[in-house]
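In terms of UniProt numbering, the sequence shown is residues 1 to 369.
Built from N, CA and C at the ideal position, the CB exists for glycine as well.
For clarity, every value in this text was computed on a predicted model and none was experimentally measured.
Just below is one structure, and these are the notes that go with it.
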Amino acid sequence: MSDVRIDDLPIRDELRGKSPYGAPQLDVPVRLNTNENPYPLPEPLVERIAERVREAARDLNRYPDRDAVRLRTELAKYLSDTGGFPLALENVWAANGSNEVIQQLLQTFGGPGRSAIGFEPSYSMHALIARGTGTGWISGPREEDFTIDPAAAARAIAEHKPDVVFLTTPNNPTGNAVPAGTVRALYDAAQAAKPSMVVVDEAYVEFSHGDSLLPLLEGRPHLVISRTMSKAFGAAGLRLGYLAADPAVVDAVQLVRLPYHLSAITQATALAALEHTDTLLGYVEQLKSERDRLVAELRAIGYDVVESDANFVQFGRFADAHGVWRKILDRGVLVRDNGVPGWLRVSAGTPEENDAFLDAVREVKKELE
Ligand code: PMP
């Protein structure tokens, strides 16, 4: 084999010495580290996927529907039914995971000579995709309690005049939601500064105590709401993300999307999953109550916990968060060390998985006392 290393290759300077996104994929009994839905898809849905994929397979000699018209129509229907705001095909775009949606948005509205801001700690891929698309990255401020102070955030937007503003609600890894008033204020700040695009990443919104921010799309043509089927729909393996926005935004991202980016198999599978929306959202209710139980029990054990509107919980504080992560792993439970000093994150699993996690952290707490 060759002993050429990455840095021996003529790669772009900004990629030198960097690491790829890498949540550990370890084979342990309880995996609560990547905010997946712990419930496998129900058997009738598995059957329906097989049926739809069989139909699609007959046409695999042809390219898929490039505009994913049926799928986008069904996604618009789902958003209209659950989001309290009417949306149609023209408002919705879909791609391979919301990561690809975000990449297409940055290819369209960011890029060399342009910049994006996020309020950190937040979803690390926003910064990584910015780097991959040659977009400058600005780390905006969050308060000690991980909320966003609208005045401080507006000042950062006014100072840096970013082309894209990311707001993640509920936020990953902290779990807290951004109030609608803050989003409205920061949208206005972004329009006054540039004007720029405001991307609200609602990957976890189905788990929220509050409502989606979709109604804010009214009269805000520079607002984009991104969503995913990876969490609430329990279909992380499907790779299907989507956005809702003004039709002009949907037209704009088509300037950068690869032709036929969404395979016929992906489209068929996502359509089958959408037929089972009601069952899948039933699991969301179970996960919300397990999330609330995790918050209550972690507090009862004596940990600090950030209020969560997501399917995960950030807990602390630890003098050595990575050491605690390792001790929990030694007990067969994988949680996430996101590098937020003093804190760890656990995804809500099945009741049995959550019990195993709670037993592990009780033991670790005793050991450290
Ligand atoms: N946004 C946020 C806030 C996330 O946490 C994630 C997944 N961890 C994503 C987007 C990407 O999800 P996917 O590409 O699976 O849709």
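Considering only residues of the same chain and omitting the five flanking positions on each side of residue i, which have a CB-CB separation below 6 Å?
i           : result
residue 243 : 93, 101, 224, 226
residue 113 : none
residue 39  : 234, 283
residue 145 : none
residue 63  : 260
Classify residue i as buried or exposed, calling it buried when 16 or more other Cβ atoms lie within 10 Å of its own Cβ.
i           : result
residue 309 : buried
residue 212 : buried
residue 157 : buried
residue 25  : exposed
residue 205 : buried
residue 336 : buried
residue 345 : buried
residue 4   : exposed
residue 149 : exposed
residue 21  : exposed
residue 16  : exposed
residue 222 : buried
Which residues in the same chain as residue i place their Cβ atom closer than 8 Å to its Cβ, once the five residues preceding and following it in sequence are excluded?
i          : result
residue 14 : 131, 134
Could you pull out every residue in the same chain whose Cβ sits closer than 7 Å to the Cβ of residue i, ignoring the five residues on either side in sequence?
i           : result
residue 364 : 324, 327, 328
residue 317 : 304, 342, 343
residue 247 : 90, 91
residue 73  : 89
residue 108 : 252, 253, 255, 256
residue 110 : 116, 130, 133, 135, 163, 164
Given a cut-off of 7 Å on the beta-carbon distance, is the pair residue i and residue j in contact?
i           : j           : result
residue 58  : residue 268 : no
residue 123 : residue 176 : no
residue 360 : residue 340 : no
residue 35  : residue 312 : yes
residue 231 : residue 203 : yes
residue 349 : residue 32  : yes
residue 118 : residue 166 : yes
residue 120 : residue 139 : yes
residue 374 : residue 294 : Because residue 374 is not part of the residues shown, which for the chain are 1 to 369, the question remains open.
residue 262 : residue 68  : yes
residue 240 : residue 297 : no
residue 169 : residue 306 : no
According to DSSP, simplified to helix, strand and coil, what is residue i?
i           : result
residue 16  : coil
residue 258 : coil
residue 9   : coil
residue 320 : coil
residue 140 : strand
residue 371 : Absent from the structure is residue 371, since the part of the chain shown begins at 1 and ends at 369.
residue 310 : coil
residue 241 : strand
residue 331 : coil
residue 225 : strand
residue 26  : coil
residue 157 : helix
residue 168 : strand
Starting from the N-terminal end, write out each residue whose C-beta falls within a distance shorter than 6 Å of any non-hydrogen atom of the ligand PMP.
35, 97, 98, 99, 123, 168, 172, 201, 203, 228, 230, 236, 241
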